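According to our numbering, the sequence shown is numbered sequentially starting from 17. Input: a single structure, listed below in structure tokens.
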Amino acid sequence: MHFNSVSVYFEDTITGKASLSYAADLAARLGAHLEVIVLTDSRREARLLGKTDARASLCRRVETAVALKTGLKPLTQFAIVCSDLESESLEPGGILISRLDPLTQTLAHQSRVVPVVASYDEVAVCGRCSSGPVLIPFGDEESGLHGAAVGLPLARILGLTVVFYHTTWRDESVDSALAEDHMCQAARGILERLVSMASAEGVTHRTVIETADDVVEGMLHCAMREQSSVIVLARGPRTGLGSYVTQSLAQSPIPVVVAPGAPLREGGVS
């Protein structure tokens, strides 16, 4: 996977500026172009005279603000895009940065094209630790593979290691204190495929397996212990709002990347 662009919604607030800084830092690290999206109300603009001039003026103001904040040069290093949110089309090969709010959760839930990053108040990719690993949780379905399809190349380009994380329920029929001995066969199969993917990407990796009482809490505690730079998740085909991804977006103190996953199945459960 290649990351050609990093997109971020412009918002002239403290959190909005943090998202912009995070996006600019990620774009620089990936060698990608930065795209700053300015949300507009096309229906309102259609009723106003001088619509083109008004939009051009808005773009110039935002362009100046972005240049001052990031030190980047317009056109060559970043572009301003005015767009109506409802008609915004995200192209494959990009990454969308957004702070955590209803917008983020909607995009993370619906996007099947590009990874969506909830960067929270972080201003840099490795702001907590210069070499913090990428945490990729996995279970017994293919959502972990979808997460790895984004997380592994991201780690490779950023020069970071990867931690595969899994929490399993204790199998009372198994007489062992080792968590890995309690993994179901499906989860073992997913781990084998993850290891193969990591080897193909040339990414250094290791695995943490636990029997945490709560899946999301276990994952987040592991991310904090490891000083992870980012957590990469993907929704399973049978999960909607209320899933581990949604819970993670609401609880995580660490940036979360929601990778494009499989389409939701009819009648999916949360």
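Just so it is clear, CB atoms sit at the ideal spot from N, CA and C, and this is done for glycine as well. None of these values were measured; they are calculated from a predicted model.
Opening and closing residue of the beta strand (DSSP E) in which Leu50 lies = 49-55
Tell me, which residues are paired with Phe180 by DSSP?
-> Note: Phe180 sits in a beta bridge opposite Ile152, Thr223.
Is it the case that the Cβ atoms of Pro24 and Leu50 are separated by a distance below 9 Å?
-> Note that residue 24 corresponds to Val in the displayed sequence, not to Pro. Contact: yes.
Expected contact under 8 Å - CB spacing of Val150 and Arg45 to nearest Å = Taking the Cβ atoms as the reference, Val150 lies roughly 13 Å from Arg45, outside the contact range of under 8 Å.
Determine the DSSP secondary structure at Thr31, reduced to helix, strand or coil.
-> helix
Cα-Cα separation between Asp229 and Arg71, rounded to whole angstroms | 52 Å
Residue from Ala171, Val261, Glu188 with nearest C-alpha to Ser245 = Ranked by how close their Cα comes to the Cα of Ser245, the residues Ala171, Val261, Glu188 have Ala171 in first place.
Buried or exposed: where does Thr15 fall if 16 or more other Cβ atoms within 10 Å of its Cβ makes it buried?
-> Limits of the chain in this structure are 17 at one end and 286 at the other, which puts residue 15 out of reach.
CA-CA distance, Ser192 and Arg222?
-> In a straight line, the C-alpha of Ser192 is about 21 Å away from that of Arg222.
Paired residues, beta bridge with Ile111 - DSSP = Val22
One or two residues paired with Ser99 in a DSSP bridge | Leu55
Alpha carbon to alpha carbon, what distance is there between Pro90 and Ser212?
-> If you take the alpha carbons of Ser212 and Pro90, they lie about 41 Å apart.
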